[in-house]
Structures are given as C-alpha cells and as structure tokens.
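Chains as they are written, first to last, in our numbering: chain A, 1 to 246; chain B, 1 to 246.
Backbone N, C-alpha and C define an ideal beta-carbon position, used for all residues, glycine too.
Note that the structure is a prediction, hence the values are computed from the model and not measured.
Encoded as structure tokens, the structure appears first; notes follow it.
Protein chains: 2
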Amino acid sequence: MANNLGLSIDRSSPVPLYHQVVQGIEAAIHSGVLEPGSRLDNEIDLAAQLNLSRPTMRKAMDELVRSGLLVRKRGVGTQVVSSQVRRPLELSSLYDDLTNNGKKPTTEVLSFSHIEADDATLAVLQLPAGSKVYHFTRLRKVGGKPLALMENWVRDDIASMDEAMLSAEGLYSILRRGGVNFRLATQRIGAVTANEYQASMLDAAEGSALVTMERTAVDDTGRHIETGHHVYRGDSYSFEMTLVQR
Amino acid sequence: MANNLGLSIDRSSPVPLYHQVVQGIEAAIHSGVLEPGSRLDNEIDLAAQLNLSRPTMRKAMDELVRSGLLVRKRGVGTQVVSSQVRRPLELSSLYDDLTNNGKKPTTEVLSFSHIEADDATLAVLQLPAGSKVYHFTRLRKVGGKPLALMENWVRDDIASMDEAMLSAEGLYSILRRGGVNFRLATQRIGAVTANEYQASMLDAAEGSALVTMERTAVDDTGRHIETGHHVYRGDSYSFEMTLVQR
DNA sequence: GAAATTAAATTGTTCTGACATTAAGACTTT
DNA sequence: AAAGTCTTAATGTCAGAACAATTTAATTTC
Chain A
1 MANNLGLSID
11 RSSPVPLYHQ
21 VVQGIEAAIH
31 SGVLEPGSRL
41 DNEIDLAAQL
51 NLSRPTMRKA
61 MDELVRSGLL
71 VRKRGVGTQV
81 VSSQVRRPLE
91 LSSLYDDLTN
101 NGKKPTTEVL
111 SFSHIEADDA
121 TLAVLQLPAG
131 SKVYHFTRLR
141 KVGGKPLALM
151 ENWVRDDIAS
161 MDEAMLSAEG
171 LYSILRRGGV
181 NFRLATQRIG
191 AVTANEYQAS
201 MLDAAEGSAL
211 VTMERTAVDD
221 TGRHIETGHH
231 VYRGDSYSFE
241 MTLVQR
Chain B
1 MANNLGLSID
11 RSSPVPLYHQ
21 VVQGIEAAIH
31 SGVLEPGSRL
41 DNEIDLAAQL
51 NLSRPTMRKA
61 MDELVRSGLL
71 VRKRGVGTQV
81 VSSQVRRPLE
91 LSSLYDDLTN
101 NGKKPTTEVL
111 SFSHIEADDA
121 TLAVLQLPAG
131 SKVYHFTRLR
141 KVGGKPLALM
151 ENWVRDDIAS
161 MDEAMLSAEG
171 LYSILRRGGV
181 NFRLATQRIG
191 AVTANEYQAS
201 MLDAAEGSAL
211 VTMERTAVDD
221 TGRHIETGHH
231 VYRGDSYSFE
241 MTLVQR
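This is the structure:
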C-alpha cells in the first residue's frame, strides 16, 4: 500500500520538519487524498520516503494522533480515523469564533469601569489586595440579533483599554497585542433560565434557556489574565468539542 | 535551585520511564512539594539526576506541558503553572464521573429495545442499512434525586446487553468489557427549558433550565460505537474543562 | 482439521549525540 | 549613563540506532 501522498518538505523553511509533515497529512486528510479508514505506510518507510529520521516522523504522527485524526495500533499500523472530526475546542473568544465563520459580530459596551477588585476577583486572578482591574459588560450581536451577554474582569497591567477599543475588537485580540500568550483556560458550562434583565438584553423571553459559561484564562507565564461570566441564547449557541482519550 | 523532588524511578516496572516521571512530578505538584511558579532544574540536569536520557525526560515534560501543569520558555527554563488545574475533560460517562467522586448513582431503565436503526442513527453510527441497534432511555439519580435523563443508541455487535445490566452499571463499563477502546468523542453542549415530560422525570419545574449534551463516541479502530442525547438538571450539573492552547 | 508454535511486520520505548534558537544578563564601547 | 555586543544557559529540533512488545499471518505439529 504505497500511498504516496504528495507532500514535500522544505528543509530551508523555518517551520520545523515535523510540523510540515503534520500540516501535509492534515491537508491530505481534509482534501480527501487520504480517506477515512485508509492505512498509512509504516513509520519507517514514511520517514524514508521523506528523507526524515523516524523520531521526526513519529513526532508528527504523535500530534496527529493526539488531535484525533490518526489512530495507531502496535503491531498493526496507523490509519485515518475520520475526516469529519472537528478540531478540538480551542482557546479563543466568541468574537474569534464568529469572525472565523465569516459572520460579522458587533459589540455594544454596556458598562465599563476601572476599579479596585473585590475579594472574589482578587482570588480568581491571584492578585494582591488593592489591585485594580477592568470590569465591563458587553452585548454581542450577530446580524443585528443579540447572542451573548458578557461580564468580564481583566487585570490592568497588560494593556490599557477603553470602551471604544472593546466596541471595535475582541478582548483576546487586545490582550494578545499586549503581549499575552494564552496557554490554558478553565471553563464551566451550564444552563439557567433568563431573568428579566437578561431576557430584555438578549431579546428573548423571560424564562427561556440560556447557556452559561464561566472562564478563567492563564497565560504562558502562569499569570491569570481574565475571568468572565457569559450567557448565550440557548437557541443559537452551543459548545462543540472533540475529546481525545489518552 | 536544586529542587530535589523525591521521585525515584523503577526500571524493572512495566510502566514506561517517561510516564513514571509524569506521575512523579504530578504528585509533587499536587502535594505542594513543587509550588506554583517555582522553577524546575533544566532538562539535562533533571535527566542526569534520575539517570535518564534527555529525550525521555523531555517526553515526560511534554506531557505535563500539554496538560497545562508546566510552562516552558526557550532560553529561560520550566516552571510550574498552577497546582489546581483540573484534568482535561475526559472520555467518561456520567456514571464514571459520579462514582469517582464517591457518590453512588442509581439508574432506572425507562425503556429498552433492540430495533432496526432509523436513517439518522445509521448515518451517525456509520452503519449499513438494515442494521439493528440497542435503543434505551435511562434516568440517573444521585442520593435519590434525579439528575439526568439519557437516551442512547448503541451498535449491537460489541456486547449484548439488557435492562438488568444497564441498571447495574454504566454503559461505558459494559462496552469496555466488550473490548472497546474509546479513543475520541464529539460532543455538543447547550441549554433548553424542560418540557412537561422532562420536568416530571427530573422532578423539576416545567420551564426550568436543562443542560443538553449530544455525544458520539468512536473507538480506536474508527468504529462509531454509540450516540446519545442527554439532559441534565441545570441546577445540579455543569461541564468543567481545561483547554490547553497548542 | 485443529491447535500450538514460529515468524514477520509494526509500533513503543530508550539511548547517545549534535547543532539551532531564544532569552537574559554581563560586558564593552561610546 | 545609554546603547550595543558578547556570553551563557536553557529549551527546540533532528539524526541514527537498538531492542521490546504486540498483533497478525504462516507454518508446523499432533
């Protein structure tokens, strides 16, 4: 089964060889060159075909296995799982999600303040007593239709921000420009019924179902950057994710 | 900063060396021996201290970085992010979740049948036309309190099952005993309000908020094993997860 | 013909070694 | 004193090799 997938690697490129292989195989899967269920050549042959060492080839395949695209079985081989597996839930904001899908969200800043953090926020963001944070609430609409009501607390030593900035772009984009490299987030998803305020803001019936999300994001230096409580209209938003068993 | 964390490795153990290191460092972090923010020795020294090669040490640290416990920075070093990072959402059933937390759930099988799958189910489970599946609904209670209403469709060529088995143990445990190695799952979480039937079964008010989850699980050979629609009482269940940026 | 054994194929683990890249501090120069 | 330059320390990437563990298929034996 010599499935010569047409990928070539560029040794002069700054992007690591194993990552070039990852991208190549990903592309082959998504384009259909590698069909779901098909077997790949063994690691050693594949490495030889691309003039790579086996560790490099393996590192690439490791990543693809972790992301759920490939499945390996000792003594048997490696095969493509399924092309229609979505990407695992990534660390991105709702704004990113929507703009990536081609829709154009608008943001309305309902309140904005730069205040001393209360005890709960100090604890969550691991800040010393007396620290100030940005606190704001935003309403996000897509196609004129309200989708999410968001309340956030953000430490103020990353980037200065104001209402105008938050209206124009996503929070994460502002923070990234401030030099933050997000690394992980803890979030909790649940459900509530809309109270009067939420219903009116989201243009939904009082008592209708809302998806709730609480998230705290941490950057690559361990700083807790922001925490937020968001509610989404249950009829227009849900969280989709792919879980990979290790 | 010679932080000699008291971990030792057993070369005669069948568990891989790199995994022993992962477990050791995890334990050191959770027990507080390694405090959040503290720096580890560099890879080469650590490897030497444990009489391991650098690739082995690196593989262990790779895993810890991926799971969000450690953070590495080229040219600088490696440090502990946080001790309180929960495990990423794993591929497990609600039953597993609860029993792991020491609670004792009970399961009531509301309906059970072995029928020809409808078109939607055939598509989701990728089965040939005319295939039969198990279809059942269950009510899960904890401490006598209803928590979840679950409807599932399961392919019938893994393990035979009946009402009694489903009352006694979790679906995933039955399937695992049937030789299934779960590898990944796609799930979608949202919110709805309880209809009359759901409200009565879950002992909640009609119109109260419910968390919904739809999940399809795939095993390591690419077979689509089961799909289910679950609803949880919004006041007693939420999904918690840790996202790691790659 | 069925069971047990053997062989082959493939991934899993581990080692040694080398060089590249990045970040931070020390040093020198202006 | 400020700016730029060098040095050092650490992680990042890559190669080649060897052996272990597991699965499947082929072969042998009873």
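Unbroken beta strand (DSSP E) run spanning residue i, endpoints
i, result
"Y134 of chain A", "132-142"
"A185 of chain A", "182-193"
"V154 of chain B", "145-155"
"T212 of chain B", "209-219"
Burial state of residue i, where buried means 16 or more other Cβ atoms lie within 10 Å
i, result
"G234 of chain B", "buried"
"D157 of chain B", "exposed"
"A164 of chain A", "exposed"
"A247 of chain B", "Lying before the first or after the last residue shown, residue 247 of chain B is absent from chain B, which here runs from 1 to 246."
"R39 of chain A", "exposed"
"V211 of chain B", "buried"
"I225 of chain B", "buried"
"Y237 of chain A", "buried"
"L147 of chain B", "buried"
"Y172 of chain A", "buried"
"T227 of chain B", "buried"
"E197 of chain B", "One detail in the question is off: residue 197 of chain B reads as Tyr in this sequence, not Glu. It counts as exposed."
C-alpha gap between residue i and residue j, whole angstroms
i, j, result
"A247 of chain B", "V154 of chain B", "Because chain B in this structure spans residues 1 to 246, residue 247 of chain B falls outside the shown range and cannot be described."
"K73 of chain B", "M61 of chain B", "12 Å"
"A251 of chain B", "L69 of chain B", "Lying before the first or after the last residue shown, residue 251 of chain B is absent from chain B, which here runs from 1 to 246."
"V192 of chain A", "L149 of chain B", "17 Å"
"K145 of chain A", "P105 of chain A", "9 Å"
"N195 of chain A", "K132 of chain A", "30 Å"
"V71 of chain B", "E63 of chain B", "11 Å"
"N181 of chain B", "D119 of chain A", "45 Å"
"R138 of chain B", "S13 of chain B", "42 Å"
"A2 of chain B", "L184 of chain B", "Bear in mind that the predicted position of A2 of chain B carries a pLDDT of just 42, short of 50, making it unreliable; the figure below should be weighed with that in mind. One C-alpha to the other measures close to 40 Å."
"N42 of chain A", "R54 of chain A", "10 Å"
"G143 of chain A", "I174 of chain A", "23 Å"
"V15 of chain B", "I9 of chain B", "10 Å"
"V124 of chain A", "T221 of chain A", "16 Å"
"F239 of chain B", "L243 of chain A", "13 Å"
"A27 of chain B", "D162 of chain A", "43 Å"
"D45 of chain B", "A217 of chain B", "42 Å"
"R188 of chain B", "N51 of chain B", "45 Å"
"I25 of chain B", "R11 of chain B", "17 Å"
"Q126 of chain B", "P36 of chain A", "12 Å"
"Y232 of chain B", "T121 of chain A", "29 Å"
"G75 of chain A", "R140 of chain A", "52 Å"
Span of the alpha helix (DSSP H), counted from its first residue to its last, around residue i
i, result
"D45 of chain B", "43-49"
"G75 of chain B", "Neither: G75 of chain B is in no alpha helix (DSSP H) and is coded neither H nor E."
"V65 of chain A", "54-66"
"R177 of chain A", "171-177"
"E26 of chain A", "17-31"
"A129 of chain A", "Where A129 of chain A is concerned, there is no enclosing alpha helix (DSSP H), given that its DSSP letter is neither H nor E."
"V81 of chain A", "That residue, V81 of chain A, is in no alpha helix (DSSP H); it is neither H nor E in DSSP."
Residue i at chain A interface by Cβ criterion, 9 Å
i, result
"Y237 of chain B", "yes"
"V142 of chain B", "no"
"V15 of chain B", "no"
"A191 of chain B", "yes"
"R188 of chain B", "yes"
"E90 of chain B", "Legend: pLDDT at E90 of chain B = 46, less than 50; position of this residue unreliable, value from coordinates given subsequently. Closer than 9 Å to some Cβ of chain A, the Cβ of E90 of chain B qualifies, so yes."
"P227 of chain B", "Here residue 227 of chain B turns out to be Thr, not Pro, going by the sequence shown. Not closer than 9 Å to any Cβ of chain A, the Cβ of T227 of chain B fails to qualify, so no."
"D10 of chain B", "no"
"V21 of chain B", "no"
"G234 of chain B", "yes"
"V71 of chain B", "yes"
Any chain B beta carbon closer than 9 Å to residue i
i, result
"R155 of chain A", "no"
"Q198 of chain A", "no"
"R183 of chain A", "yes"
"T242 of chain A", "yes"
"R66 of chain A", "yes"
"S131 of chain A", "no"
"G75 of chain A", "no"
"G178 of chain A", "no"
"V218 of chain A", "yes"
"G222 of chain A", "yes"
"Q79 of chain A", "yes"
The ligand HEM heavy atom lying under 8 Å from the CB of residue i
i, result
"A47 of chain B", "For the ligand HEM, the structure offers nothing, since it holds no ligand at all."
Interface positions of the region 111-129 of chain B facing chain A (Cβ-Cβ less than 7 Å), listed along the chain
Residues: none.
Please name the residues in the region 30-59 of chain B whose beta-carbon is closer than 9 Å to at least one beta-carbon of chain A, in chain order.
Flagged, chain order: P36, G37, P55.
At a CB distance below 7 Å, what residues from the region 203-214 of chain B approach chain A? Give them in sequence order.
Residues of the region 203-214 of chain B with a Cβ closer than 7 Å to any Cβ of chain A, in chain order: G207, S208, A209, L210, V211.
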